[in-house]
Amino acid sequence: MNVQPDLDFIRSLKEAGGDTLKKCYQCATCSVICPLSKDGKPFPRKEMIWAQWGMRDKLVTDPDVFLCHHCGDCTTHCPRGAKPGDVLSSIRAYAYTFYGWPKPLAKLASSAKGLPILIGLPVVVIFIMWLLSGAMRFPTSEEFSQYGYQRFFGTWDFYWYAKNIFFIVLIMVPSLGLALFSSFKGISTMWKTMSEDAGLNKEYRPSVGQFLKDYLWPSLIEIVKHSRFRECTTNTDRVQGHLPLMLAFIGLAIVTTWSLLKNDVLGLIWPSLHGPMAITDPFKILANISAIALLFGVGVLWANRKKAEAEMNTQATFYDWFLIWEITAVGVTGVAAQLLRWAEMPVTGYIVYFLHLVSVMMLFLYLPYTKFAHLMYRTSAYAFEKYRQSVYATNS
Amino acid sequence: MTDEQGTSGAVLVVGGGISGLTAALETAEVGNDVFLVEKGPSFGGRVAQLNQYFPKLCPPSCGLEINFRRVKDNRKIRTYTMTTVKAVKGGPGNYEVTLETEPRYVNSNCTACGDCTAACPDETANDFNFGMNNSKAIYLPHEMAFPQRYVIKKSALSPAGADAIKAACKYDAIDLDMQPEMFTINVASIIWATGWVPYEPTKMENLKFGQSKSIVTNMMIERMAAPSGPTGGKIVRPGDNKAIDSIAFVQCAGSRDENHLEYCSHICCMATFKQMSYVREQYPNAKIYVFYIDLRTPGKYEKFREVRMADANASFIKGKVADIILEADGGVTVVAENALTAEKITQKVDMAVLATGMQPSLGLQDAPAELNLDASGFIISDFDKAMISAGCAKKAADVVTCTQSSTAAALKAIQVSRR
Ligand SMILES: Cc1cc2nc3c(=O)[nH]c(=O)nc-3n(C[C@H](O)[C@H](O)[C@H](O)COP(=O)(O)OP(=O)(O)OC[C@H]3O[C@@H](n4cnc5c(N)ncnc54)[C@H](O)[C@@H]3O)c2cc1C
Ligand code: SF4
Ligand code: SF4
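Protein sequence lines, in the order shown, are assigned to chains A and B.
Quick note on my numbering: the first sequence kicks off at 1 and runs consecutively.
Quick note on my numbering: the second sequence kicks off at 397 and runs consecutively.
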């Protein structure tokens, strides 16, 4: 076999926390230790040698790379300090950039060097929107206590659709739309190559319904239950952070969907639905609980990460920290904005709310290129695994 | 040149294994006085525990007995068993060393007739056989022990036992009131040949040593295979004495592992090949599985490997055993990934042998002098200070390499004594 190592690839792995990969001497301890590695095709030993050989194409289409939950059991037992868990994580970081579209944005989101632009872009966009909205002023105390942030982008007489919502939708929907498009593109490419590599039955194409029912839904159940996370032994604390965080995101997604529905659809029929939710509104309660869960969860993960860096010598990487910072920023600015409203401090309140919008936009816009992308890619890998094992796919 | 005959040119050799014996002989045969001190009750070190030793697969007696004879015949060597170094003062050329001898409770009247052992009612775990059987509380360290003198493990001896053995000894050799003795000697240089200990197998938690009798170490296999060993030379599963239909060798058990011994122990691959022969002799059809990362056969030992790999009933799997599952029938299943086929292997066997490595003795003991130890506990020679290491105290090695390094150490020690 003639291997042409992709040196740039190896270099990026090193930057993303995989600097120990060359230490691996292929003893295969890790593949046996890994609680998630299945009997058929154990990992991460094979990924380690592919990485050493710079076999980029093989790795970015290897479902096992995405199935790894970075629990660190392999790293604890590795006799060479090659940290296979960290290496796999760096391969994922690479893969998200690799699949990311548009490329320049994906590249930008992959290193701390891009940070000024990564923050600057949403700041400018939202600021311009603020200018365009014509609302660019701080509210009086009365306005603030009555409307809160409801008139951040001003208000108009068009009764059916609030101006504020209009602007928020204008900012967030394209951001999320781009993210979803990019993820979809990446995942399709990945899925196709994965199927080819696995030598699956080409004749078989599941219907959308079948795909959802047989592959995606069971995967989601498993993910929500954190079944695989719980099989880890080294880093079990992470479930305590990741679970509340995930539930928080689900909660916030529900609240957002409801408020979109309420304002954009139902509001057209019953205009009285416009306006801030009361603190006793069940959706508001859900929003607040989610916010607390989010801050708690990200706090646990933050502490865990620090601990791993101190105790297991895990390299501090932009890839890992950027997502933690982003989520923390969303949570802190969100909660602070609400507190400032209660405290009746319009100016600071508006500034914090602005930052909140910035951080939310960052989370959406950079979703497919940052660690947040695991949401899409790992779920797909779960589904792919089930697909691969299904009788339809293997009966050729 | 100083007076070669006087103690000023004397050399202390610490450790009486094959390396210490060699260093002592080489030094004394040039004409220097030698003090040879050994912590245990007899000389010979770990080699005495082996059944046979490669490359020639001769019994240890063939190497040790000739050395014992030469030591006995050499009037320049003074030997001390049950003795350790307590303190070292002074400098190269004139070290003053304090030694302490533990009580043996048996004096030089002992003729090794064995009457006491026959009469002794008390038993104790036999450490020489890694606890696989018991010995009496008064015992001969092993068959070819030098000196041929019994020793008492006093903690295991009951008052009744004490009376019985005293009554049985016709030579009045038993002295239960013996006390530790301290004394000092003056030497020019010190050769450290303190050797190695088997790496503690329970430290590899995933290999479950101690949780099943079917998990043994390579040194236990040596003792089982030895005619004088606990099973009279039969390799059987401890506990139920089951004959072996299948056996797995788990290479690098603790060696080449940052979490345990970070270096290669150098001999365990060879030891496994050797032990494959022991198994094959006793069980012509037994299945043998060797799980390895790399098979290391330094130098001319490559031939040795080729012969074992031609065995049709032996499989070699490239992948380290990282988990062992206990089975209800007393056997075990070893788990590894075959790195050549990328398949997970689970192999059920009657017995699993952990090829545990060699840890330098001083990695566990406190060094009694200011010695330059590396991170693992191997001694780095300091020629300026006349502190010289030899054998496995210096690095993990086979007997041939140990004797070579011991001869080299002897030369260095002599050079200092004549500065
Ligand atoms: C399973 C196995 C099989 C092997 N088979 C072979 C083989 O077939 N062929 C081969 O060439 N090699 C073999 N070896 C290697 C061989 O055992 C070593 O090379 C040899 O024992 C080294 O001798 P040594 O004198 O350096 O150390 P040791 O044999 O360990 O002797 C050191 C001596 O020093 C004493 N001592 C320790 N500390 C002190 C102290 N503080 N004060 C006084 N005395 C002390 C000890 O009691 C011991 O008697 C094998 C090793 C293993 C693990
Ligand atoms: S990563 Fe570590 S445990 Fe895994 S094969 Fe390499 S050296 Fe062995
Ligand atoms: S000799 Fe073989 S088994 Fe022993 S540590 Fe070295 S490579 Fe591992």
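We put the beta carbon where it would ideally sit given N, CA and C, even for glycine.
Bear in mind the structure is a predicted one, so any value in this text is a computation, not a measurement.
Exercise for review: Identify each residue in the segment 27 to 49 of chain A for which the Cβ-Cβ distance to at least one residue of chain C is less than 7 Å, and report them in chain order.
Suggested key: Going by chain labels, chain C is absent from the structure shown, which instead holds the protein chains A and B.
Practice item. Flag B:A789 as yes when its Cβ comes closer than 7 Å to any non-hydrogen atom of ligand 4, and as no otherwise. Key: Judged by which ligands are present, ligand 4 is missing from the structure shown, whose ligands are ligand 1, ligand 2 and ligand 3.
Practice item. Kindly indicate which three-state DSSP category A:I324 falls into: helix, strand or coil? Key: Numbered from 1 along the first sequence, position 324 holds the residue referred to as residue 324 of chain A. A:I324: helix per DSSP, three-state reduction.
Check your understanding: If you compare alpha carbons, which of B:A782, B:Q544, B:C664, B:I720 is closest to B:A792?
Key -> For the purposes of this step, residue 792 of chain B is taken as the residue at position 396 of the second sequence. Comparing Cα-Cα distances from B:A792 to each of B:A782, B:Q544, B:C664, B:I720, the minimum goes to B:C664.
Exercise for review: Grab me the residues of A:G54's own chain with a C-beta within less than 7 Å of its C-beta, minus the 5 sequence neighbours each way, in chain order.
Suggested key: Sequence index remark: in the first sequence, residue 54 of chain A carries index 54 (1-based). Here the set comprises P5, D6, L7, F9, I10.
Point to revise | Cutoff 6 Å; reference B:K740; Cβ partners in own chain excluding five residues on either side | key: Translated into the one-based positions of the second sequence, residue 740 of chain B becomes position 344. So the list reads E733, once near-sequence residues are dropped.
Practice item. Indicate whether B:Q445 and B:P455 have their beta-carbon atoms separated by less than 8 Å. Key: Along the second sequence, read from residue 1 onward, the residue named residue 445 of chain B stands at position 49. Along the second sequence, read from residue 1 onward, the residue named residue 455 of chain B stands at position 59. By the CB criterion at 8 Å, B:Q445 and B:P455 fall outside the cutoff.
Check your understanding: Among the residues of its own chain, which have a CB less than 7 Å from the CB of A:S396, if the five just before and after it don't count?
Key -> If you number the first sequence from 1, residue 396 of chain A lands on position 396. Any answer about A:S396 is weak, because its pLDDT of 48 lies below 50 and its placement is not dependable; what the coordinates show is given next. Excluding its 5 nearest sequence neighbours in each direction, A:S396 has C-beta neighbours in its own chain below 7 Å: N201, listed in chain order.
Check your understanding: Helix or strand or just coil, what does DSSP make of A:C74?
Key -> For the purposes of this step, residue 74 of chain A is identified with residue 74 of the first sequence, where counting begins at 1. In the structure shown, A:C74 falls within a helical segment according to DSSP collapsed to helix, strand and coil.
Practice item. Could you say which of A:L252, A:F181, A:K38 lies nearest to A:V65 if we only look at CA atoms? Key: By one-based count along the first sequence, residue 65 of chain A stands at place 65. Ranking A:L252, A:F181, A:K38 by Cα distance to A:V65 puts A:K38 first.
Exercise for review: Report yes or no: do three or more beta-carbon pairs, one from the segment 300 to 310 of chain A and one from the segment 234 to 246 of chain A, lie closer than 8 Å?
Suggested key: By the Cβ criterion, the segment 300 to 310 of chain A is in contact with the segment 234 to 246 of chain A, since at least three pairs of Cβ atoms, one from each stretch, lie closer than 8 Å.
Exercise for review: Reducing DSSP to helix, strand and coil, say where B:A406 ends up.
Suggested key: By one-based count along the second sequence, residue 406 of chain B stands at place 10. Judged by DSSP in its simplified three-state form, B:A406 adopts coil rather than helix or strand.
Practice item. Say whether chain A places a C-beta atom closer than 8 Å to the C-beta of B:E819. Key: Only positions 397 to 815 of chain B appear in this structure, which leaves residue 819 of chain B out of reach.
Review point. So is B:D770 in contact with chain A if we call contact Cβ pairs under 8 Å?
Key: Mapped onto the second sequence, residue 770 of chain B falls at position 374. It does not; no Cβ of chain A falls within 8 Å.
Review point. Which residue comes first and which comes last in the beta strand (DSSP E) that contains B:P594?
Key: Locating residue 594 of chain B in the second sequence gives position 198, where the first residue counts as 1. From DSSP, the beta strand (DSSP E) with B:P594 extends over 592 to 594.
**Study point:** Members of the segment 739 to 760 of chain B near chain A, C-beta cut-off 7 Å
**Key:** Per Cβ criterion, the list reads K740.
Review point. Within 7 Å: the Cβ of B:I414 and any heavy atom of ligand 1?
Key: Counted from its first residue, the second sequence places residue 414 of chain B at position 18. Yes, since a heavy atom of ligand 1 falls inside the 7 Å radius drawn around the Cβ of B:I414.
Review point. Looking only at C-alpha atoms, which of A:A16, A:H70, A:K83, A:T61 sits nearest to A:T29?
Key: Reading the first sequence from its first residue, position 29 is the one you call residue 29 of chain A. Closest in alpha carbon position to A:T29, among A:A16, A:H70, A:K83, A:T61, is A:K83.
Point to revise | Heavy atom of ligand 2 within 7 Å of B:P623 beta-carbon | key: Position 227 of the second sequence, counted from the start, is the residue given in the question as residue 623 of chain B. With a threshold of 7 Å, the Cβ atom of B:P623 does not count as near ligand 2, since no heavy atom of the ligand is closer than that.
Point to revise | Span separating the alpha-carbon of B:R442 from that of B:M666 | key: Here residue 442 of chain B refers to the residue found at position 46 of the second sequence. Here residue 666 of chain B refers to the residue found at position 270 of the second sequence. Their Cα atoms are separated by approximately 16 Å.
Check your understanding: In chain order, what residues of the same chain lie with their CB nearer than 8 Å to the CB of A:W160, ignoring the 5 residues before and after it?
Key -> On the first sequence, position 160 is the one that residue 160 of chain A refers to. Annotation for A:W160: G267, L268, P271 place their beta carbon closer than 8 Å to its own, counting only its chain and skipping 5 residues before and after.
Check your understanding: Cβ atoms of B:A564 and B:A515: under 8 Å apart, would you say?
Key -> The residue labelled residue 515 of chain B in the question sits at position 119 within the second sequence. The residue labelled residue 564 of chain B in the question sits at position 168 within the second sequence. Cβ atoms of B:A515 and B:A564: closer than 8 Å.
Review point. Should B:E723 be flagged as near chain A, meaning a C-beta pair shorter than 8 Å?
Key: For the purposes of this step, residue 723 of chain B is identified with residue 327 of the second sequence, where counting begins at 1. No, B:E723 lies away from the interface with chain A (no Cβ there is under 8 Å from its Cβ).
Review point. For B:V467, which residues from the same chain have a beta carbon less than 6 Å from its beta carbon, with the 5 sequence-adjacent residues on both sides left out?
Key: Counting from one through the second sequence, the residue named residue 467 of chain B turns up at place 71. Leaving aside the five residues that flank B:V467 on each side, the residues in its chain whose CB is nearer than 6 Å to its CB run, in chain order, I473.
Practice item. Output the residue ranges of the alpha helix (DSSP H) runs that lie fully inside the segment 290 to 363 of chain A and measure 4 residues or longer, sorted by chain position. Key: Along the segment 290 to 363 of chain A, the alpha helix (DSSP H) occurs as fully enclosed runs of 4 or more residues at 318 to 342, listed in sequence order.
**Study point:** In DSSP terms, what B:R649 is bridged to
**Key:** Locating residue 649 of chain B in the second sequence gives position 253, where the first residue counts as 1. Reading off the sequence, residue 649 of chain B comes out as Ala, not Arg. Partner(s): B:T752.
Check your understanding: Between the segment 79 to 95 of chain A and chain B, which residues of the former have a C-beta closer than 8 Å to a C-beta of the latter?
Key -> Listed by position along the chain: P79, R80, G81.
Point to revise | ligand 1 heavy atom lying under 7 Å from the CB of B:C664 | key: The residue you call residue 664 of chain B lines up with position 268 of the second sequence. Indeed, a heavy atom of ligand 1 lies less than 7 Å from the Cβ.
Practice item. Kindly indicate which three-state DSSP category A:M246 falls into: helix, strand or coil? Key: Locating residue 246 of chain A in the first sequence gives position 246, counting from the first residue. Per DSSP, reduced to three states, the secondary structure at A:M246 is helical.
Review point. Which residues in chain A sit within 7 Å of B:K716, going by Cβ to Cβ distance?
Key: In the second sequence, counting from the first residue as 1, residue 716 of chain B sits at position 320. When 7 Å is used as the limit between beta carbons, B:K716 is near these residues of chain A: C27, A28, T29, in chain order.
Review point. If you compare alpha carbons, which of B:A649, B:Q678, B:H662 is closest to B:V632?
Key: Your numbering for residue 632 of chain B matches position 236 in the second sequence. Minimum Cα-Cα distance from B:V632 among the listed residues B:A649, B:Q678, B:H662 corresponds to B:Q678.
Check your understanding: So A:T97 is in the alpha helix (DSSP H); what residue range does that whole segment cover?
Key -> Your numbering for residue 97 of chain A matches position 97 in the first sequence. Judged by DSSP secondary structure, A:T97 falls within the alpha helix (DSSP H) whose first and last residues are 84 to 99.
Practice item. Rank A:V360, A:V173, A:C24 by C-alpha distance to the C-alpha of A:A329 and give the top, closest one. Key: Looking up residue 329 of chain A in the first sequence gives position 329. For A:A329, the nearest C-alpha among the options comes from A:V360.
Review point. Span of the alpha helix (DSSP H) holding B:E677?
Key: Here residue 677 of chain B corresponds to residue number 281 of the second sequence, with the count starting at 1. For B:E677, the enclosing alpha helix (DSSP H) has its first and last residue at 664 to 678.
**Study point:** Limits of the alpha helix (DSSP H) - the one that B:G416 falls within
**Key:** By 1-based counting over the second sequence, the position of residue 416 of chain B is 20. DSSP places B:G416 in the uninterrupted alpha helix (DSSP H) bounded by 414 to 426.
Review point. Does any CB atom of chain B fall closer than 8 Å to the CB of A:H77?
Key: Position 77 of the first sequence, counted from the start, is the residue given in the question as residue 77 of chain A. Chain B contact via Cβ: present.
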